[in-house]
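Residue 1 is where the sequence shown starts when you use this note's numbering, and the numbers rise one by one after that.
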Amino acid sequence: MKLLPIASAATLLLAAAAANAQSYGSGVIEFTGEVTDLTCTISGGAGAIGTTNITVPMDAVQANQLAAAGDIAGLHPFQLVIGGPGQGTCQNGKIAELYFDPTAGQVDAGNGNLRNQEANAPAVNTQIQMLYKNAVVDLRDPSFKTDPVTIANNTAVIDMASQYVAVNGAAAPGFVQSYVNYKVVYN
Numbered sequence: 001m002k003l004l005p006i007a008s009a010a011t012l013l014l015a016a017a018a019a020n021a022q023s024y025g026s027g028v029i030e031f032t033g034e035v036t037d038l039t040c041t042i043s044g045g046a047g048a049i050g051t052t053n054i055t056v057p058m059d060a061v062q063a064n065q066l067a068a069a070g071d072i073a074g075l076h077p078f079q080l081v082i083g084g085p086g087q088g089t090c091q092n093g094k095i096a097e098l099y100f101d102p103t104a105g106q107v108d109a110g111n112g113n114l115r116n117q118e119a120n121a122p123a124v125n126t127q128i129q130m131l132y133k134n135a136v137v138d139l140r141d142p143s144f145k146t147d148p149v150t151i152a153n154n155t156a157v158i159d160m161a162s163q164y165v166a167v168n169g170a171a172a173p174g175f176v177q178s179y180v181n182y183k184v185v186y187n
């Protein structure tokens with residue numbers, strides 16, 4: 001009869017140890033999100049292609065056009081189209097503004113241009129500048145946004161441009177590739 005209380009006590013000790021072993025290794029799972037009242041596609045218009053992830057195919061330029069730091073070449077206008085005719089979820093009368101992410105690693109912290117991310121045969125000393133209303137956009141500026149555009153006929157268009165710029169001296173021939181993260185905010 002004394003065996004039963006000893007076995008029960010041992011079972012309780014094992015259960016307590018197992019409970020303690022399971023209490024370690026805790027952490028936090030964070031969830032983030034947003035609830036919006038508007039859904040518009042973002043696509044490339046004139047001078048750009050794609051939807052959501054837009055590609056701007058810039059024309060080739062001669063290296064001698066970028067012979068010294070600060071030289072620019074290859075101005076390439078393009079459009080971002082918000083929504084589209086008949087896209088009922090892109091509500092008429094709403095206001096849209098375009099922002100860029102200044103914290104992304106491809107934004108040059110020294111000048112606000114886009115660094116050349118091309119891994120194979122990059123054009124040395126070459127970056128990309130973005131322009132809005134014929135002025136260079138400093139992508140380091142977190143407060144930059146385009147002027148508000150009003151959605152009409154379920155569509156709004158934002159005109160932008162890009163160009164090559166020589167940095168740190170003359171550009172050398174090669175390929176150029178970069179990107180910028182963007183978001184469109186609706187009010």
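Just so you know, even glycine gets a beta-carbon here, dropped at the ideal spot from N, CA and C.
Between which two residues does the beta strand (DSSP E) holding S43 run?
Run containing S43: I42 to G44, per the beta strand (DSSP E) assignment.
Which same chain residues, not among the five before or five after N153, have their C-beta less than 8 Å away from its C-beta?
Closer than 8 Å at Cβ, skipping near neighbours: P85 and N92.
Enumerate in chain order the residues of its own chain whose CB-to-CB distance from G88 is below 8 Å, with the five nearest sequence positions on each side excluded.
Hits under 8 Å: N154.
In three-state DSSP terms, what is L66?
Here L66 sits in helix by DSSP.
So is G70 buried or exposed if we call it buried at 16+ other beta carbons inside 10 Å?
The residue in question, G70, is exposed, as its Cβ has fewer than 16 Cβ neighbours within 10 Å.
Quick check on this structure: which residue in F175, T39, A96 and G44 has the alpha carbon closest to the alpha carbon of A119?
Comparing Cα-Cα distances from A119 to each of F175, T39, A96 and G44, the minimum goes to F175.
Considering I54, what are the terminal residues of the beta strand (DSSP E) in which it resides?
Counting along the chain, I54 falls outside any beta strand (DSSP E), and DSSP gives it neither H nor E.
Apply the 10 Å Cβ neighbour rule to V149 and answer buried if 16 or more other Cβ atoms are within range, or exposed otherwise.
By the neighbour-count rule (16 or more Cβ atoms within 10 Å), V149 is buried.
Could you tell me whether the Cβ atoms of A48 and T55 are closer together than 8 Å?
Taking 8 Å as the Cβ cut-off, A48 and T55 qualify as a contacting pair.
Could you check where the beta strand (DSSP E) with T89 kicks off and where it finishes?
Segment: none, T89 is in no beta strand (DSSP E) and carries neither H nor E.
Using CA atoms only, rank isn't needed, just tell me which of F144, Q106, D147 and D141 is closest to I128.
Comparing Cα positions, the closest option is Q106.
Exposed or buried, I29, counting other C-beta atoms within 10 Å across all chains shown (16 or more means buried)?
When all chains shown are included, I29 counts as exposed.
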